[in-house]
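**Q**
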Amino acid sequence: MKPTNDQLQAVHKALYKRSRLDALTTLNRNIAVLMNLNPESELSPNDVRNPPGSGPTWFIPATGAVDQFVVEAAGDCDKIAAALMDMHDDVGTVDFPAADKQHLQAAIAAEAASWTARGQIWRAPSIPDVDAANEQIQQHVRTALSESQQVSAYLKTAQEVGQ
Amino acid sequence: MIRSGERELGPDAGERGHWLDRLARRYTRRQALKAAAAGAALTTFPLLRAAPALADDPHACQQGCLWTSHQTAAAGHTRCNLTGTLAYLLVIGYGPALGLGYLAFPASGAAAIEVGLSCSDNVNIQQKADNHDCLQPGCPDFDPKGAHGPCEGVMNNCCPCSNVLQGYQPCVYDCNDPTHDCCGES
Numbered sequence: 001m002k003p004t005n006d007q008l009q010a011v012h013k014a015l016y017k018r019s020r021l022d023a024l025t026t027l028n029r030n031i032a033v034l035m036n037l038n039p040e041s042e043l044s045p046n047d048v049r050n051p052p053g054s055g056p057t058w059f060i061p062a063t064g065a066v067d068q069f070v071v072e073a074a075g076d077c078d079k080i081a082a083a084l085m086d087m088h089d090d091v092g093t094v095d096f097p098a099a100d101k102q103h104l105q106a107a108i109a110a111e112a113a114s115w116t117a118r119g120q121i122w123r124a125p126s127i128p129d130v131d132a133a134n135e136q137i138q139q140h141v142r143t144a145l146s147e148s149q150q151v152s153a154y155l156k157t158a159q160e161v162g163q
Numbered sequence: 164m165i166r167s168g169e170r171e172l173g174p175d176a177g178e179r180g181h182w183l184d185r186l187a188r189r190y191t192r193r194q195a196l197k198a199a200a201a202g203a204a205l206t207t208f209p210l211l212r213a214a215p216a217l218a219d220d221p222h223a224c225q226q227g228c229l230w231t232s233h234q235t236a237a238a239g240h241t242r243c244n245l246t247g248t249l250a251y252l253l254v255i256g257y258g259p260a261l262g263l264g265y266l267a268f269p270a271s272g273a274a275a276i277e278v279g280l281s282c283s284d285n286v287n288i289q290q291k292a293d294n295h296d297c298l299q300p301g302c303p304d305f306d307p308k309g310a311h312g313p314c315e316g317v318m319n320n321c322c323p324c325s326n327v328l329q330g331y332q333p334c335v336y337d338c339n340d341p342t343h344d345c346c347g348e349s
């Protein structure tokens, strides 16, 4: 069953709330800075994290504790997950075909879960089993992708929403 | 045995006694010549100072190991971008592209997104594991002459050196050679 134009607009309104998109963009940029993930950022020549975009200093050498920037970035992962779950809940209040709603909510929930997993892995004081930890994230990513493909008619690209 | 003219140092005087006591001590001509030659060498050839005991320090590898982890991660992220597609670069909400993956998952780019994301996450997590190893004594599995290491391709010795960002310095002398120091002062 195809959604009506009114239903599509109602879903878009729930998904792409401007304040939430702005918050998500800010969180994403914070993470890129804290985790040194932007190759176009500027680092001091003496910064041990050179070259730009090559990741964070994960541990404090003197104590072995997880670096504060990483802990902060992990907190931002949690905030992204929370914002996505708000999006999930808002979509739940919209009246549109039930099967589509189920797929869309499943996609958003899985994307949120992938961010929660990243946060957990990043802040964990223990050494990760690299393959297992990555799989922990990617299983959610795969679900998000496969579920979202069922409801692509409801989704806009980043460019389309001006982010 | 204490010779005439020397004072016996008490137990609290320290290993070498007070400096005034040492000044008062008699030195042989050979000792004096040795000391003068050593002083001249230190002022004339600053790079030939006795090497610090860095090579014996189990954490001397740390700086170079961490530096290498960044070079490896940078290469990994570049590889991830290459394995992804333009869709990956534009859409992924994570990593260098600063996109917004949670806004749209175009079916046409889904496979590339999955590959690219998995690749980026893997590089990140691997770097965490590598960083952890760098903090262990002897930096297990780290080879400064290995891929992306500070001495990659260097045929000479490669000695720990905290004076340089990469943490190691190629050196023609043995790292434990007490008469040569390739690290020097920055």
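Each protein sequence line maps, in turn, to chains A and B.
Here my numbering is used: position 76 in the first sequence is 76, and no number is missing along the way.
Here my numbering is used: position 3 in the second sequence is 166, and no number is missing along the way.
The beta-carbon is built from N, C-alpha and C at its ideal position, and this holds for glycine as well.
Counting C-beta neighbours from all protein chains within 10 Å, is the total for residue 276 of chain B 16 or more, i.e. buried, or is it exposed?
**A** Answer is buried; the Cβ neighbour count reaches 16.
**Q** What are the uninterrupted segments assigned as beta strand (DSSP E) that are 3 or more residues long and contained completely in the segment 278–304 of chain B, given in chain order?
**A** Complete beta strand (DSSP E) runs here, min 3: none at all.
**Q** Taking the straight line between their C-alpha atoms, what separation do you get for residue 280 of chain B and residue 243 of chain B?
**A** Going by the C-alpha atoms only, they are around 8 Å apart.
**Q** For chain A, check one thing: does any of its Cβ atoms lie closer than 7 Å to the Cβ of residue 326 of chain B?
**A** No, no contact with chain A.
**Q** What separation, rounded to the nearest whole angstrom, lies between the Cα atoms of residue 55 of chain A and residue 344 of chain B?
**A** If I take the Cα positions, the gap works out to 32 Å.
**Q** With DSSP as the reference, label residue 334 of chain B as helix, strand or coil.
**A** Three-state DSSP puts residue 334 of chain B in a strand.
**Q** Does the distance from the CB of residue 24 of chain A to the CB of residue 83 of chain A come in under 7 Å?
**A** In contact: residue 24 of chain A and residue 83 of chain A (Cβ atoms closer than 7 Å).
**Q** Work out the CA separation of residue 147 of chain A and residue 249 of chain B for me, nearest whole Å.
**A** Residue confidence is low: residue 249 of chain B scores 40 on pLDDT, short of 50, so the model does not pin down where it sits. Its coordinate-derived value is still stated next. The straight-line gap from Cα to Cα measures roughly 22 Å.
**Q** Looking at C-beta atoms only, is the number of pairs between the segment 67–83 of chain A and the segment 115–125 of chain A that lie closer than 8 Å three or more?
**A** A contact exists between the segment 67–83 of chain A and the segment 115–125 of chain A.
**Q** Just to check, is the beta-carbon of residue 129 of chain A closer than 6 Å to a non-hydrogen atom of the ligand FAD?
**A** Ligands in the displayed structure: none, and consequently the ligand FAD is not present.
**Q** With respect to the alpha helix (DSSP H) encompassing residue 319 of chain B, which residues constitute its N-terminal and C-terminal limits?
**A** It is not in any alpha helix (DSSP H) - residue 319 of chain B carries neither H nor E in the DSSP assignment.
**Q** Please report whether the beta-carbon of residue 311 of chain B lies at a distance below 7 Å from any beta-carbon of chain A.
**A** Answer no: the Cβ-Cβ gap between residue 311 of chain B and chain A never drops below 7 Å.
**Q** Taking the alpha-carbon positions, what's the residue 129 of chain A to residue 335 of chain B distance?
**A** Residue 129 of chain A and residue 335 of chain B: Cα-Cα distance of roughly 39 Å.
**Q** At the level of alpha carbons, what is the spacing between residue 14 of chain A and residue 155 of chain A?
**A** Whole-angstrom Cα-Cα distance: 11 Å.
**Q** Which partner residues does residue 96 of chain A have in the DSSP bridge list?
**A** Looking at the DSSP assignment, residue 96 of chain A forms no beta bridge with any residue, so it has no partner.
**Q** Does any C-beta atom of chain B lie closer than 7 Å to the C-beta of residue 23 of chain A?
**A** No, no contact with chain B.
**Q** From the DSSP output, which residues share a beta bridge with residue 66 of chain A?
**A** Looking at the DSSP assignment, residue 66 of chain A forms a beta bridge with A/59.
**Q** Does the beta carbon of residue 244 of chain B come closer than 7 Å to any beta carbon on chain A?
**A** It does not: the Cβ of residue 244 of chain B has no partner Cβ on chain A nearer than 7 Å.
**Q** Would the beta-carbon of residue 302 of chain B fall within 7 Å of that of residue 308 of chain B?
**A** For residue 302 of chain B and residue 308 of chain B, no; Cβs fall outside 7 Å.
**Q** Kindly list the residues whose CB is nearer than 7 Å to the CB of residue 238 of chain B, restricted to its own chain and excluding five residues on each side of it in sequence; keep chain order.
**A** Only 311 meet the Cβ criterion.
**Q** Quick one: which chain B residues come within Cβ less than 7 Å of residue 133 of chain A?
**A** The contacting residues are 288.
**Q** Between residue 315 of chain B and chain A, is there a C-beta pair that is closer than 7 Å?
**A** No, its Cβ sits nowhere closer than 7 Å to a Cβ of chain A.
**Q** Contact criterion: CB-CB distance below 7 Å. Does residue 135 of chain B meet it with respect to chain A?
**A** Lying outside 164 to 349, the shown extent of chain B, residue 135 of chain B is not represented and no answer is given.
**Q** Could you name the residues of chain A that residue 292 of chain B contacts, counting a contact when the two beta carbons are closer than 8 Å?
**A** The contacting residues are 127, 128 and 130.
**Q** Which term fits residue 2 of chain A, buried or exposed, when burial requires 16 or more other beta carbons within 10 angstroms of its beta carbon?
**A** Result: exposed.
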